[in-house]
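Student: Before I ask anything, here is the structure I am working with.
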Amino acid sequence: MIVLGIESTAHTFGVGIVNQKGRVLANEKASYTTTEGGIHPRAAADHHWENAPVVIRRALSKANLKANHVDAIAFAQGPGLGPCLEVAAVCARFLALKFNTPLVCVNHPVAHLEIAWQRTRAGDPVFVYSSGANTQILCLENGYYRVLGETLDIGVGNALDNFGRAIGMGFPAGPELDKRYFLGKKLVELPYSVKGMDLAYAGLVTSAAKKIKTENEADLVYSFVHTAFAMLTEVTERALAHAGKNEIVLTGGVAASKALREMMKKMAKDRGARLLVPEPEYCTDNGAMIAWTGLLMHRKKIHARVQDSAVKQDQRADHVQIRWHR
Ligand code: FE2
411 MIVLGIESTA HTFGVGIVNQ KGRVLANEKA SYTTTEGGIH PRAAADHHWE NAPVVIRRAL
471 SKANLKANHV DAIAFAQGPG LGPCLEVAAV CARFLALKFN TPLVCVNHPV AHLEIAWQRT
531 RAGDPVFVYS SGANTQILCL ENGYYRVLGE TLDIGVGNAL DNFGRAIGMG FPAGPELDKR
591 YFLGKKLVEL PYSVKGMDLA YAGLVTSAAK KIKTENEADL VYSFVHTAFA MLTEVTERAL
651 AHAGKNEIVL TGGVAASKAL REMMKKMAKD RGARLLVPEP EYCTDNGAMI AWTGLLMHRK
711 KIHARVQDSA VKQDQRADHV QIRWHR
């Protein structure tokens, strides 16, 4: 059984191919970046349209397959940026119709969790999914991914990018901020917004942006990153206690951050918990996660007709019934 999955919810157009053993036969991508400013949805979609045929062909040739060898075509149905989502949806519908192959609609955050679970071989973890647009702490409970805590405004990745933009960086700013985190010495006080089990990042960005002129930049970067991740670590610790779990799986683009990993690792060690992180190519947006989740769904015959496969810009992870675990 072979499934091809297509991802295009935001900045990345990705195509993954997996087999029934969970082996990734191809995981190709093309990502939209800027040297200045953030993502423009229309420009990102144009990038995806331009790259789609090449990336699909590259994935097939890497897997040494022809499109008619694929047993199901999966795509990320949502959430995401409308113009970007359309690209994967149109490519997947075309392939499904042309080769008379079942079509599978995959929720993007659920796909992050599924591939992270599979790669780390975790038992029953708390997931910390933090990316540009998303920041959620979840675990599987009664056939749904239950959101234990989440951002009330922007994702932590967007917060990093917005602050990075304010100090003159391009998109994505996270990796550069992460390097500079280790150069700061003094903690500048910034708003720490944890509300119950939820988080808010917009105030932190505004306050830090106001301090650019008056504070040392290295210290401000350190303080911004420290505050943003300390909030996330605090909520994760309480999620572990509340859900009675002892494994943390970090995923999403921000899981690549060394600063976040170090903070989470310390917290995990203090609690006697384990921190697990998949390889970076499976943390950031990728086609393999869509293909793998598509395969789990295809096995349970969870298919969609083309006419029922509209993209869902605000489909949440906890809206999807998880019928493929146990
Ligand atoms: Fe993502």
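The numbering of the sequence shown is our numbering, which starts it at 411 and goes up by one. C-beta atoms are modelled at their ideal positions from N, C-alpha and C, and glycine is treated no differently.
#1: Since Ala482 and Val514 are thought to touch, with beta carbons under 8 angstroms apart, how far apart are those beta carbons, to the nearest angstrom?
#2: Looking only at its chain, what residues have a beta carbon closer than 7 angstroms to the beta carbon of Ser541, apart from the 5 residues adjacent to it on each side?
#3: Considering Phe592, what are the terminal residues of the alpha helix (DSSP H) in which it resides?
#4: Closest to Arg671 by CA distance: which of Val687, Ala683, Glu657 and Gly682 is it?
#5: Can you list, in chain order, every residue whose CB sits closer than 5 angstroms to a heavy atom of the ligand FE2?
#6: Leaving out the 5 sequence neighbours to the left and right, which residues in its chain are closer than 7 angstroms to Cys494 when beta-carbon positions are compared?
#7: With three or more beta-carbon pairs closer than 8 angstroms as the criterion, would you say the segment 610-620 touches the segment 571-590?
#8: Between the Cα of Val497 and those of Pro512, Lys472, Leu475 and Asn461, spot the shortest distance and give me the residue it belongs to.
#9: Do you know how far the Cα of Ala477 is from the Cα of Lys508?
#10: Using a Cβ-Cβ cut-off of 8 angstroms (strictly less than) and excluding sequence neighbours within five positions of Asp389, which residues of its own chain qualify?
#11: Report the rounded CA-to-CA distance for Arg531 versus Met579, giving the unit in angstroms.
#12: Sort Ala653, His652, Val465 and Ser603 by Cα distance to Leu642 and report the nearest one.
#13: Identify, in the order they occur along the chain, each residue of the same chain with its Cβ nearer than 6 angstroms to the Cβ of Asn430, setting aside the five sequence neighbours on each side.
#14: Taking 8 angstroms as the limit between beta carbons, can you name the residues of its chain near Asn696, skipping five residues before and five after?
#15: Tell me, to the nearest whole angstrom, how far the beta carbon of Thr694 is from that of Ala521; I am working on the premise that it is less than 8 angstroms.
#16: My understanding is that Arg503 touches Ser667, with C-beta atoms under 8 angstroms, so please give their C-beta distance in whole angstroms.
#17: Note down the Cα distance separating Ile658 from Thr646, rounded to an integer number of angstroms.
#18: Given this structure, state the Cα-to-Cα distance separating Ala473 from Met707, to the nearest angstrom.
#19: Under the three-state reduction of DSSP, which class applies to Thr530: helix, strand or coil?
#20: Closest by CA to Ala619, which one among Val631, Asp608 and Lys675?
#21: Alpha carbon to alpha carbon, how far is Leu523 from Asp728? Give it in angstroms, no decimals.
#22: So Cys549 is in the alpha helix (DSSP H); what residue range does that whole segment cover?
#23: Report yes if the C-beta distance between Gln546 and Asn517 is below 9 angstroms; otherwise report no.
#24: Could you spell out where the beta strand (DSSP E) holding Gly613 opens and where it closes?
#25: Short of 7 angstroms in beta carbon distance, which residues of its chain neighbour Glu691, apart from the five on each side in sequence? Order them along the chain.
#26: Apply the 10 Å Cβ neighbour rule to Pro519 and answer buried if 16 or more other Cβ atoms are within range, or exposed otherwise.
#27: What are the residues that DSSP puts in a beta bridge with Thr443?
Tutor: Quick answer:
#1: 5 angstroms
#2: Shown here for Ser541: same chain residues with a beta carbon closer than 7 angstroms to its own, the five before and five after excluded, namely Gly565, Gly567, Gly662, Gly663 and Val664 in chain order.
#3: No alpha helix (DSSP H) contains Phe592, which DSSP labels as neither H nor E.
#4: Val687
#5: Ser541 and Asp695
#6: Closer than 7 angstroms at the Cβ level, and outside the excluded window around Cys494, lie Ser418, Thr419, Ala420, Pro451, Ala454, Ala455 and His458.
#7: yes
#8: Asn461
#9: 9 angstroms
#10: Past the edges of the chain, shown from 411 to 736, lies residue 389, and the structure says nothing about it.
#11: 36 angstroms
#12: Measuring from the Cα of Leu642, the nearest candidate turns out to be Ser603.
#13: Just to set this straight, residue 430 is Gln in the shown sequence, not Asn. Correct list, in chain order: Met411.
#14: Glu417, Thr422, Gly424, Gly426, Asn437, Lys439 and Ile525
#15: With 8 angstroms as the limit, Thr694 and Ala521 do not qualify as a contact, their Cβ atoms being about 12 angstroms apart.
#16: With 8 angstroms as the limit, Arg503 and Ser667 do not qualify as a contact, their Cβ atoms being about 36 angstroms apart.
#17: 8 angstroms
#18: Using only the alpha carbons, I get a separation of about 21 angstroms.
#19: Thr530 falls in the helix class under three-state DSSP.
#20: Val631
#21: 12 angstroms
#22: Premise fails: Cys549 lies in the beta strand (DSSP E), Thr545 to Glu551, not in any alpha helix (DSSP H).
#23: no
#24: It is not in any beta strand (DSSP E) - Gly613 instead sits in the alpha helix (DSSP H) that spans Ala612 to Lys620.
#25: Asn437
#26: buried
#27: In the DSSP output, where bridge partners are listed per residue, Thr443 has none listed.
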